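**Q** Heads up, the sequence shown is in my numbering, so the first residue is 216 and it goes up one at a time.
No residue lacks a Cβ here, since even glycine has one placed at the ideal position from N, Cα and C.
Because the structure is a prediction, the values reported are computed rather than measured.
Dropping a structure here in structure tokens format, bear with me for questions.
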Amino acid sequence: MICFLNCHLPAHLENSEQRMESFQNILQLQQFSGRSANGVLDHDLLFWFGDLNFRIEQYDIQSVKNAIDRNKLGLLWDKDQLNIAKVMQPALDGFQEGLLNFRPTYKYDVGTNTYDTSSKKRKPAWTDRILWRVKVADNYNQSVDRRPGEAEVPSVQVFQCSYRSHMEYLVSDHKPVAAVFSLKFAHKLELPLVQLQVEDEWTKPADAVVRYRMDISFPKSSWDWIGLYKVGFKHHKDYVAYVWAKHDESDPMRQCYQALFSEEVLPRGMGEFILCYYSNNHNTIVGVTEPF
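See the structure below:
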């Protein structure tokens, strides 16, 4: 599962510790329903981005501008508060970021590419950032294919293709940043977690039966349901009818079930539909039929 975490952290040079406190509060307080990922760091992959507001320490404004003008950006990296925090703060263990090979994105005179000329004369800084963190697969320790002493592997590999700012945008005192990633997942399911079977046509109420088979590892829930959708639906709640998915709690090894849509809930008239199995634990659709 992937989490996208967008933040606007506290401003000003002297508030680096406050920024870290705010970030740790977000990690602690943001909770999700379902068993797959209760917290932000429980996700297989986390993208953390936004106006994180970290500044450049020690150097004065003229030294920073001189490094920028001479394209010596590397001289500023070690003084960047976020780079320092990634070394010093346990909360940032595992977070990665591409090289800051673009000009600091703050603070500009609006409508220009000129750094702040107001009376405040804010020191340029890379306030706008995109980081990522990959979680090591929990089940890898038990893998029968793992050899003694072999390192753990992540559930997804991340390759950053580009990381850049966009100087052409002039509507803000910040310059937006963008990153392009390529993801490689460790495992591919040969079969869906839930396989649905249905008759080609429902010409009478007795035809409205769906048979389904669940993978033995699928974490079923009493809150799972099967929805009937018009082809082209946009959201999992766009169903025209649904039934609760049946499970036999007394037989955890049982995989095959069937469910019946009652005549009262079926749509009138003709149309092209599909059936989808919604998993409460996964918070998403995990099985789909062909249109019928």
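#1: Does DSSP put Asp257 in a helix, a strand or coil?
#2: Rounded to whole angstroms, what is the Cα-Cα separation between Asn356 and Val395?
#3: Can you tell me whether DSSP reads Val359 as helix, strand or coil?
#4: Under 7 Å between the Cβ atoms of Ile276 and Leu291?
#5: Quick one: grab the DSSP three-state call for Lys399.
#6: Would DSSP call Gly309 helix, strand or coil?
#7: Quick one: is Arg469 buried, meaning 16 or more other Cβ sit within 10 Å of its Cβ, or exposed?
#8: Could you have a look at Gln473 and say whether DSSP puts it in helix, strand or coil?
#9: Which residues mark the beginning and the end of the alpha helix (DSSP H) in which Trp292 is found?
#10: Look at the alpha carbon of Pro369 and the alpha carbon of Asp331, and state the distance between them as a whole number of angstroms.
#11: For Val503, list the residues DSSP reports as bridge partners.
#12: If we ignore side chains and look at the alpha-carbon of each, how far apart do Leu346 and Met216 end up?
#13: Let me confirm a value: Glu231 is counted as buried when at least 16 other C-beta atoms fall within 10 Å, else exposed. Which label applies?
#14: What are the boundary residues of the alpha helix (DSSP H) that includes Val480?
#15: Assuming Val351 is part of the alpha helix (DSSP H), what are its boundary residues?
#16: Can the beta-carbon of Tyr454 be found less than 7 Å from the beta-carbon of His389?
#17: Rounded to the nearest angstrom, what separates Gly265 and Leu475 at their Cα positions?
#18: Specify, as a first and last residue, the run of the beta strand (DSSP E) that Ile217 falls within.
#19: What's the call for Cys491, buried or exposed, on a 16-neighbour Cβ count within 10 Å?
#20: Could you confirm whether any beta carbon from chain B is found closer than 7 Å to the beta carbon of Cys218?
#21: How big is the Cα-Cα spacing for Asn281 and Gly289?
#22: So if DSSP puts His389 in a beta bridge, which residue, or which two residues, is it bridged to?
#23: Can you list, in chain order, the residues of its chain whose CB lies under 7 Å from that of Ser358, leaving out five sequence neighbours each side?
#24: Hey, would you say Gly484 sits closer than 7 Å to Leu411, going by beta carbons?
#25: What residue from Phe219, Phe269, Gln245 and Leu242 has the CA that sits closest to Arg234's CA?
#26: Measure the C-alpha to C-alpha separation of Ala300 and Leu385 and round it to an integer number of angstroms.
#27: What is the residue span of the beta strand (DSSP E) that Leu244 lies within?
#28: Which residues share a DSSP beta bridge with Ala423?
#29: Under 7 Å between the Cβ atoms of Met382 and Asn328?
#30: Quick one: what's got a C-beta closer than 8 Å to Pro225's C-beta in the same chain, skipping five residues either side?
**A** Short version:
#1: DSSP, reduced to helix, strand and coil, places Asp257 within a helical segment of the structure shown.
#2: A caution first: Asn356 carries a pLDDT of 40, below 50, which makes its placement in the model unreliable, though a value can still be read off. Going by the C-alpha atoms only, they are around 31 Å apart.
#3: Note that Val359 scores a pLDDT of 37, beneath 50, so its modelled location is shaky; the value from the coordinates is reported in the next line. The answer is coil: DSSP assigns Val359 none of H, G, I, E or B.
#4: For Ile276 and Leu291, no; Cβs fall outside 7 Å.
#5: The answer is strand: DSSP assigns Lys399 an E or B state.
#6: Gly309 sits in coil when the DSSP states are folded into three classes, being neither helix nor strand.
#7: Its Cβ having fewer than 16 others within 10 Å, Arg469 is exposed.
#8: When DSSP states are grouped into helix, strand and coil, Gln473 belongs to the strand group.
#9: Element bounds for Trp292: Gly289 to Trp292.
#10: Straight-line Cα distance between these residues: approximately 43 Å.
#11: Looking at the DSSP assignment, Val503 forms a beta bridge with Cys491.
#12: Separation of Leu346 and Met216 (C-alpha to C-alpha, rounded to the nearest whole angstrom) is 17 Å.
#13: First, the amino acid is wrong: residue 231 is Ser here, not Glu. Burial call: buried.
#14: If you look at Val480, you'll find it isn't in any alpha helix (DSSP H); DSSP assigns it neither H nor E.
#15: Element bounds for Val351: n/a, residue is neither H nor E.
#16: Annotated as distal: Tyr454 and His389, with beta-carbon spacing of 7 Å or more.
#17: Put simply, the backbone Cα of Gly265 is about 47 Å away from that of Leu475.
#18: Segment Ile217 to His223, the beta strand (DSSP E) holding Ile217.
#19: With a 10 Å radius around the Cβ and a threshold of 16 neighbouring Cβ atoms, Cys491 comes out buried.
#20: The structure shown contains no chain B, having only a single protein chain.
#21: Take the alpha-carbon of Asn281 and the one of Gly289: they are about 12 Å apart.
#22: According to DSSP, which records beta bridges pairwise, His389 is partnered with Tyr321.
#23: For Ser358, the pLDDT reaches just 39, beneath the cut-off of 50, and the residue's location in the model is therefore unreliable, leaving the point undetermined.
#24: Not in contact: Gly484 and Leu411 (Cβ atoms no closer than 7 Å).
#25: From the listed residues Phe219, Phe269, Gln245 and Leu242, the smallest Cα separation to Arg234 is found for Phe269.
#26: Distance from the CA atom of Ala300 to the CA atom of Leu385, rounded to whole angstroms, is 30 Å.
#27: In the DSSP assignment, Leu244 falls outside any beta strand (DSSP E) and within the unbroken alpha helix (DSSP H) covering Ser231 to Leu244.
#28: BP columns for Ala423 are empty, so no partner.
#29: Yes, these two residues count as a Cβ contact at 7 Å.
#30: Closer than 8 Å at the Cβ level, and outside the excluded window around Pro225, lie Gln233, Arg234, Ser237 and Asn268.
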